[in-house]
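UniProt numbering puts the first residue of the sequence shown at 1, with every later residue one more than the last.
For glycine and all other residues, C-beta sits at the position ideal for the given N, C-alpha and C.
Please read all numbers here as calculations on a predicted model, not as lab measurements.
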Amino acid sequence: MDTTHSSDKWSVNSLIPENHPRRESLIIREKVVKALEDGYLAPQGLIAHGRGECFDYLIGEKTQEFAMKAMKAAIAMLLLAKNPVISVNGNMAALVPDDIVRLAEEINAKIEVNLFYRTLDREKKIEEVLKRAGAKEVLGVGDDASAVIPELFSERRRVSKKGIYIADVVLVGLEDGDRTEALVKMGKKVIAIDINPLSRTSQMASLTIVDNIIRVFPKMISLAKEMKKSDKDELQKIINQYNNKEILKESLRFISERMNQLSLSL
Numbered sequence: 001m002d003t004t005h006s007s008d009k010w011s012v013n014s015l016i017p018e019n020h021p022r023r024e025s026l027i028i029r030e031k032v033v034k035a036l037e038d039g040y041l042a043p044q045g046l047i048a049h050g051r052g053e054c055f056d057y058l059i060g061e062k063t064q065e066f067a068m069k070a071m072k073a074a075i076a077m078l079l080l081a082k083n084p085v086i087s088v089n090g091n092m093a094a095l096v097p098d099d100i101v102r103l104a105e106e107i108n109a110k111i112e113v114n115l116f117y118r119t120l121d122r123e124k125k126i127e128e129v130l131k132r133a134g135a136k137e138v139l140g141v142g143d144d145a146s147a148v149i150p151e152l153f154s155e156r157r158r159v160s161k162k163g164i165y166i167a168d169v170v171l172v173g174l175e176d177g178d179r180t181e182a183l184v185k186m187g188k189k190v191i192a193i194d195i196n197p198l199s200r201t202s203q204m205a206s207l208t209i210v211d212n213i214i215r216v217f218p219k220m221i222s223l224a225k226e227m228k229k230s231d232k233d234e235l236q237k238i239i240n241q242y243n244n245k246e247i248l249k250e251s252l253r254f255i256s257e258r259m260n261q262l263s264l265s266l
């Protein structure tokens, strides 16, 4: 029996018909499966991806207004930060490596690998992916992750002294609740990209973007280009007017109302 994965025989584009109604979703799935096969995505990352797909259905697979409000405040926070860091896991490296590098350049942020299922091999492979995307430096690999986040006992506690440990604002992607809580306790602002508004990450973060990461990064890059022209007072005003609990409430109301409307249309 031939167990070779389909992506080994054909390109993703030729594998999935142009007119397939779930084409984009299937291409994204192929990317995370390929990342698993290449050794830098943990098997558990597939479960996390599937959970995210479910919530993407619930919000209509589109960026909604509550997410745009959060993104605008997030970019203001990152532009005002002294030491912003983008924390990267396997899923992020699989889905948006080029955009991670582009956003880091726009906001002058460092990039750091941080993994729950940490191995040196996975760290190095993610570093390779990011460097192929144009990253000049990737922190958190091997001995560079020598600092420790207090009150955190998973492998995520290990961070770079030049990166997350001294960061004032940390951008994290996908579910990462325990570390989000620990970073907030250290006095850091944590921006979470988490399509699940009910997760501990969403609830504990300073700012939560409830949207699919593949849509978020391109939009944040565009916002960064535009908002870099704003003065510090304008950026601070955007942050002062932002309320994360209200954004989470808005996202849940949207899902509830959408589900009710869909039920009436059947």
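Can you name, in chain order, every residue of its own chain whose Cβ lies under 8 angstroms from the Cβ of residue i, other than the five neighbours on each side?
i, result
"aspartate 98", "Ala133 and Gly134"
"lysine 185", "Pro150 and Glu151"
"serine 202", "Ala192, Asp194, Asn196, Thr208, Val210 and Leu248"
List the residues that DSSP assigns as beta-bridge partners of residue i.
i, result
"threonine 208", "Ala192"
"arginine 158", "Val148"
"leucine 223", "According to DSSP, which records beta bridges pairwise, leucine 223 is partnered with nothing at all."
"valine 169", "Pro84 and Lys189"
Please report the straight-line C-alpha distance between residue i and residue j, rounded to a whole angstrom.
i, j, result
"glutamate 257", "glutamine 236", "32 angstroms"
"arginine 215", "aspartate 144", "31 angstroms"
"alanine 48", "leucine 174", "8 angstroms"
"valine 190", "leucine 15", "39 angstroms"
"methionine 204", "serine 251", "16 angstroms"
"threonine 4", "isoleucine 111", "Any reading at threonine 4 needs caution, since the residue's pLDDT is 45, under 50, leaving its predicted position unreliable; the model's value is listed next. Spanning the two alpha carbons is a distance of roughly 34 angstroms."
"valine 32", "valine 101", "19 angstroms"
"alanine 35", "alanine 182", "28 angstroms"
"lysine 124", "leucine 171", "21 angstroms"
"glutamine 44", "glutamate 37", "13 angstroms"
"isoleucine 27", "glutamate 18", "11 angstroms"
Under the criterion of a Cβ to heavy atom distance below 7 angstroms, does residue i qualify as lining the ligand NAP?
i, result
"glutamate 246", "Although the ligand NAP was asked about, the structure shown includes no ligands whatsoever."
Please return the same chain residues whose Cβ sits closer than 7 angstroms to the Cβ of residue i, not counting the five positions on each side in sequence.
i, result
"alanine 42", "Gly90 and Tyr117"
"tyrosine 165", "Ala147 and Val159"
"isoleucine 239", "Ala73, Ala76 and Met77"
"valine 141", "Val113, Glu123, Lys124 and Glu127"
My understanding is that residue i touches residue j, with C-beta atoms under 8 angstroms, so please give their C-beta distance in whole angstroms.
i, j, result
"alanine 81", "valine 129", "No, alanine 81 and valine 129 are not in contact; Cβ-Cβ is about 25 angstroms, not under 8 angstroms."
"methionine 77", "leucine 223", "Not really, about 12 angstroms apart at Cβ, beyond 8 angstroms."
"glutamine 64", "phenylalanine 217", "With a Cβ gap of about 17 angstroms, glutamine 64 and phenylalanine 217 do not count as contacting."
"phenylalanine 55", "isoleucine 195", "4 angstroms"
Keeping to the same chain, check which residues put their C-beta closer than 6 angstroms to that of residue i; ignore five residues upstream and five downstream.
i, result
"arginine 157", "Val148 and Ile149"
* Pick out the complete beta strand (DSSP E) segments inside the segment 107-151, 3 residues or longer, and give them in chain order. => With a minimum length of 3 residues, the unbroken runs of beta strand (DSSP E) contained wholly in the segment 107-151 fall at 110-113.
* Secondary structure, beta strand (DSSP E): runs of 3+ residues fully inside the segment 15-97 -> Here the runs fully enclosed are 84-88.
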